[in-house]
Every structure is written in C-alpha cells, then in structure tokens.
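Colleague: Following this message is one structure expressed as structure tokens.
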Amino acid sequence: MNARLQHRVTPSRASPAPARNRPGTVSEFDRIRQTLDGYLTKAAESRKRLLEEPYDPKLLHAWRVNLRRVTATLKDVATLSDDDLHDVLSYLRCCREATGQCRDMDILAMETLPTFLDKEHGELDETQAVRKTLSERQQQNHKGALVQLKKYGLTTPIRAWRHWVHVLEPPSDKRVREVAATVIEKRFSDLRKRADKLDGGQKRLHRLRSATKKLRYSIELYQHAFPKAATTQWLKRLADLQGHLGLAHDRMMARTLIGEVATGDNTKAKLKAFRRWTKRTAYEASEKALQSLVKLEQLKAYWRAAAH
Numbered sequence: 004m005n006a007r008l009q010h011r012v013t014p015s016r017a018s019p020a021p022a023r024n025r026p027g028t029v030s031e032f033d034r035i036r037q038t039l040d041g042y043l044t045k046a047a048e049s050r051k052r053l054l055e056e057p058y059d060p061k062l063l064h065a066w067r068v069n070l071r072r073v074t075a076t077l078k079d080v081a082t083l084s085d086d087d088l089h090d091v092l093s094y095l096r097c098c099r100e101a102t103g104q105c106r107d108m109d110i111l112a113m114e115t116l117p118t119f120l121d122k123e124h125g126e127l128d129e130t131q132a133v134r135k136t137l138s139e140r141q142q143q144n145h146k147g148a149l150v151q152l153k154k155y156g157l158t159t160p161i162r163a164w165r166h167w168v169h170v171l172e173p174p175s176d177k178r179v180r181e182v183a184a185t186v187i188e189k190r191f192s193d194l195r196k197r198a199d200k201l202d203g204g205q206k207r208l209h210r211l212r213s214a215t216k217k218l219r220y221s222i223e224l225y226q227h228a229f230p231k232a233a234t235t236q237w238l239k240r241l242a243d244l245q246g247h248l249g250l251a252h253d254r255m256m257a258r259t260l261i262g263e264v265a266t267g268d269n270t271k272a273k274l275k276a277f278r279r280w281t282k283r284t285a286y287e288a289s290e291k292a293l294q295s296l297v298k299l300e301q302l303k304a305y306w307r308a309a310a311h
C-alpha cells in the first residue's frame, strides 16, 4: 500500500477527496465516493477517540461496522478501474479482524449475560465470580484492542483510496447501475445458497450472516441508482434478517466464551443453565431468521432489467 504512494507528494494528514461533480449535479459515482469516504472517516474518528478517551464499546463497534461496510463493497467498486485496490482492501480487513475478540467479549458481558440474569430471570450460581472473571477478561481485551488500534492507522489507506478516486475517469451513471445490478444479483445468489446450507451449526450461520451483510451494504451503497421505495423495502427486510442472525450468533458465541471464562469442573457444571438458555434462544433466533428469509424472497428484484 505504501508503494502506491511513495512516488507522490502527499500532505501529512489525509485531506477530503476532491469533488468531481458537474455544477448542479451529483453523479452516481460521486454518491458512492462520498459514502465510502464517509465510512472511512467515521472509522478513523472512532479509532482516534478510542485511543484518546476512556474505552467505549460503542466506539469499537463503530470502528468495526464502518470498516465492514467498506470491505464488503470496495472490491466491487474497484472493478470500475484497472487498479483493484487489493492492498488497501487486505489492510482494512486486518484492521477490523484485529479487534474481533474484544467485541465478542463485550457482547457477552454487557448484553447476553445481563439478559439471562435480569430479563429472563435466570439463575446462575457464583454469578459475582463469573462477572468478576468476565470483567477481568474484558479489561485484558480492551488493552489488547488498543494495542492493535495503535498498529492500524487509516491515514495511508484513506490517501490511497482518495488518490484512486482522483485519477479515475468518472464512470457514467449507466455504467455504475450495470455494476450495481451485477453485484447485487451475485450477493443475493450467495445469500440464497448459504441459506440452503444452514445446518444449525455456528459456522454455516456465520456464513449466512456474512452474506446478509454484504447484500445489505451493497444495496445501501448503490441505493441512489434505483427507485427509493424498492431499496427501502429490501433494506428493511435485510436489517430484520441481520438482526435475528446477529442474535443467534451472539448466543452461540456466548455459549463458547462462557466455557473459556469458567475455571474448574465445578464452575462449568453450574453454568449449564446459561448454556441451555443460549442454545435455546439461538435456535429461536435462527427460526425467526428463516421466516425473514421467506419474506425477503417475496420482494421484487428491482435491480434486474425486467423490474424496470
């Protein structure tokens, strides 16, 4: 990534991407550029605040979600050029993956376990001991996440992205719509294939969840190229599907992580109630996800030529 920049004079800080608009108009490519630039800027701001302020799980989530929106769509956008931005994409994926474990532990400690204890009136022997251990693990993970964040700055990839935009001959709106339609069709096909392979396991569910995110983020990115009413319907249904899949994933992950936190056979035995609950609620969330899938497939594929 540095190689693409070393022969150019650049400012010490990443500056906003230049506007490529004709007076009074905003092209489809300009909208895409502005959207991706916004994601990267928000991720950079979240990182800055995480390094300068007391740790906030919401900031880590913002860092990861904004990077995910970029990594899910940048490869497809790069097909508009001979430069596939592979190095930038690989780096951004590393940025996000470096903090994944911390996020999972935050969800267990701050969402899943409290839901079991408070809202579900669950009983858990040695609750205070488990919470204390979880808190200690959280603190360790927070420190580890900050170490990783210091390694992964975003100034260079943002510059690389903005330089790519600057040298690219802006594609026509028609070309952007063609790319968008191809991308969305592929993402929808991938989602359906992964839905067909669901087997109740965490691995297959994770793949379906990933496919759902990619489709949702692609539709978001290209939404201005298509009728608003149609894209709004799809985004609403996809958000519903992603929510159920996310809950199922969190409950499955909690079942795994709580076993790692517990020490000793006696403590693990006392966690059976929690593990049974996570298994049951993960199944219920998965069932709701399947219902959401049925509703999703009932929508009209607006991006196809026949839909216009």
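Throughout the sequence shown, residue numbering follows the numbering used here, covering 4 to 311 in sequence. No residue lacks a Cβ here, since even glycine has one placed at the ideal position from N, Cα and C. It should be emphasised that the depicted structure is a prediction, and the values quoted were computed from it without experimental measurement.
Which residues in the same chain as Ala46 place their Cβ atom closer than 7 Å to its Cβ, once the five residues preceding and following it in sequence are excluded?
Modeller: Reading the sequence shown from its first residue, position 43 is the one you call residue 46. Cβ within range, chain order: Trp66, Asn69, Leu70 and Leu157.
Colleague: Distance, Cα to Cα, Arg278 vs Arg258?
Modeller: By one-based count along the sequence shown, residue 278 stands at place 275. By one-based count along the sequence shown, residue 258 stands at place 255. Cα-Cα distance, rounded: 5 Å.
Colleague: Enumerate, from N- to C-terminal direction, the unbroken beta strand (DSSP E) stretches of 3 or more residues contained entirely within the region 155-215.
Modeller: The region 155-215 contains no whole beta strand (DSSP E) run of 3 or more residues.
Colleague: Using only the alpha-carbon positions, how far apart do Val182 and Asp79 sit?
Modeller: As a first step, residue 182 is located in the sequence shown; it is residue number 179 there, counting from the start. As a first step, residue 79 is located in the sequence shown; it is residue number 76 there, counting from the start. Taking the straight line from one Cα to the other gives about 8 Å.
Colleague: Pick helix, strand or coil for Ser30, following the three-state DSSP scheme.
Modeller: Residue numbering aside, residue 30 sits at position 27 when the sequence shown is read from its first letter. Three-state result, Ser30: coil.
Colleague: Taking the beta carbon of His252 as the centre, do at least 16 other beta carbons fall within 10 Å, making it buried, or is it exposed?
Modeller: Translated into the one-based positions of the sequence shown, residue 252 becomes position 249. The residue in question, His252, is buried, as its Cβ has 16 or more Cβ neighbours within 10 Å.
Colleague: Report the rounded CA-to-CA distance for Leu62 versus Arg50, giving the unit in angstroms.
Modeller: Within the sequence shown, numbered from 1, the residue matching residue 62 stands at position 59. Within the sequence shown, numbered from 1, the residue matching residue 50 stands at position 47. When rounded, the distance between both Cα atoms is 8 Å.
Colleague: Please list, in chain order, all residues of the same chain as Arg52 whose beta carbon is under 8 Å from its beta carbon, the five residues on each side excluded.
Modeller: Reading the sequence shown from its first residue, position 49 is the one you call residue 52. So the qualifying residues of the chain are Asp59 and Leu62.
Colleague: Starting from the Cα of Tyr197, find the closest Cα among His209, Val186, Ile187 and Glu188 and give me that residue.
Modeller: By 1-based counting over the sequence shown, the position of residue 197 is 194. A small fix is needed here, since residue 197 is Arg in this sequence, not Tyr. Out of His209, Val186, Ile187 and Glu188, His209 has the C-alpha closest to the C-alpha of Arg197.
Colleague: Within this structure, are the beta carbons of Ile161 and Ile187 separated by less than 9 Å?
Modeller: Here residue 161 refers to the residue found at position 158 of the sequence shown. Here residue 187 refers to the residue found at position 184 of the sequence shown. In this structure, Ile187 does not lie closer than 9 Å to Ile161 by Cβ.
Colleague: Would you check if there are 3 or more beta carbon pairs closer than 8 Å linking the region 203-217 to the region 168-177?
Modeller: Touching, no.
Colleague: Less than 9 Å separating the beta-carbons of Tyr220 and Val179?
Modeller: To locate residue 220, count along the sequence shown from 1; it is residue 217. To locate residue 179, count along the sequence shown from 1; it is residue 176. Not a contact, by the Cβ cut-off of 9 Å.
Colleague: Please give me, in chain order, every unbroken run of the alpha helix (DSSP H) with length at least 4 that falls completely inside the region 33-81.
Modeller: Runs of the alpha helix (DSSP H) inside the region 33-81: 60-74 and 77-80.
Colleague: Near Arg96, which residues of its chain fall below 6 Å by C-beta distance, leaving aside the five closest residues on each side in sequence?
Modeller: Counted from its first residue, the sequence shown places residue 96 at position 93. Cβ neighbours of Arg96 beyond the five flanking positions: Thr74.
Colleague: Am I right that Leu241 and Leu299 are in contact with their C-beta atoms under 8 Å? What's the rounded C-beta distance?
Modeller: Sequence index remark: in the sequence shown, residue 241 carries index 238 (1-based). Sequence index remark: in the sequence shown, residue 299 carries index 296 (1-based). About 7 Å separates the two Cβ atoms, so the contact holds.
Colleague: For Glu81, which option in Ala292, Phe191, Arg36 and Leu111 has the closest C-alpha, if you only look at C-alpha atoms?
Modeller: What you label residue 81 is simply residue 78 of the sequence shown in a count that begins at 1. Note on identity: in this sequence residue 81 is Ala, with Glu being the wrong assignment. Checking every option, the nearest Cα to that of Ala81 belongs to Arg36.
Colleague: With burial defined as no fewer than 16 other Cβ atoms inside 10 Å of the residue's Cβ, what is the status of Trp306: buried or exposed?
Modeller: Numbered from its first residue, the sequence shown carries residue 306 at position 303. Buried, by the Cβ-count rule.
Colleague: Quick check on DSSP: helix, strand or coil for Asp90?
Modeller: To locate residue 90, count along the sequence shown from 1; it is residue 87. The answer is helix: DSSP assigns Asp90 an H, G or I state.
Colleague: For chain C, is any of its Cβ atoms less than 9 Å away from the one on Ala65?
Modeller: Among the chains in the structure shown there is no chain C, since it carries only a single protein chain.
Colleague: Measuring only the C-alpha atoms, how far is Arg165 from Arg134?
Modeller: Working through the sequence shown from its first residue, we reach residue 165 at position 162. Working through the sequence shown from its first residue, we reach residue 134 at position 131. Straight-line Cα distance between these residues: approximately 45 Å.
Colleague: Which of the three DSSP states is assigned to Leu152 in this structure?
Modeller: Here residue 152 refers to the residue found at position 149 when the sequence shown is read from its first residue. Looking at Leu152 - three-state DSSP - the assignment turns out to be helix.
Colleague: Rounded to whole angstroms, what is the Cα-Cα separation between Asn24 and Ser30?
Modeller: On the sequence shown, residue 24 is found 21 positions in, with the first residue counted as 1. On the sequence shown, residue 30 is found 27 positions in, with the first residue counted as 1. Its pLDDT being 49, under 50, Asn24 is placed unreliably in this model, and the value from its coordinates should be taken loosely. Looking at the two C-alpha atoms, the distance is approximately 7 Å.
Colleague: Following the continuous alpha helix (DSSP H) through Ser295, name the residue where it begins and the one where it ends.
Modeller: Here residue 295 refers to the residue found at position 292 of the sequence shown. Start and end: Lys275 to Glu300.
Colleague: Starting from the C-beta of Thr284, find all residues in its chain whose C-beta is less than 6 Å away, skip the five residues before and the five after it, and write them out in chain order.
Modeller: Residue mapping note: residue 284 aligns to position 281 of the sequence shown, counting from 1. These residues qualify, in order along the chain: Arg254.
Colleague: Grab me the residues of Leu260's own chain with a C-beta within less than 8 Å of its C-beta, minus the 5 sequence neighbours each way, in chain order.
Modeller: Taking the sequence shown and counting its residues from 1, one reaches residue 260 at position 257. Cβ neighbours of Leu260 beyond the five flanking positions: Asp107, Met108 and Leu111.
Colleague: From what residue to what residue does the alpha helix (DSSP H) around Glu263 run?
Modeller: Residue numbering aside, residue 263 sits at position 260 when the sequence shown is read from its first letter. Unbroken alpha helix (DSSP H) run through Glu263: Lys231 to Val264.
Colleague: Within 10 Å of its beta-carbon, does Asp33 have 16 or more other beta-carbons around it, so buried, or fewer, so exposed?
Modeller: Numbered from its first residue, the sequence shown carries residue 33 at position 30. By the 10 Å Cβ count, Asp33 comes out buried.
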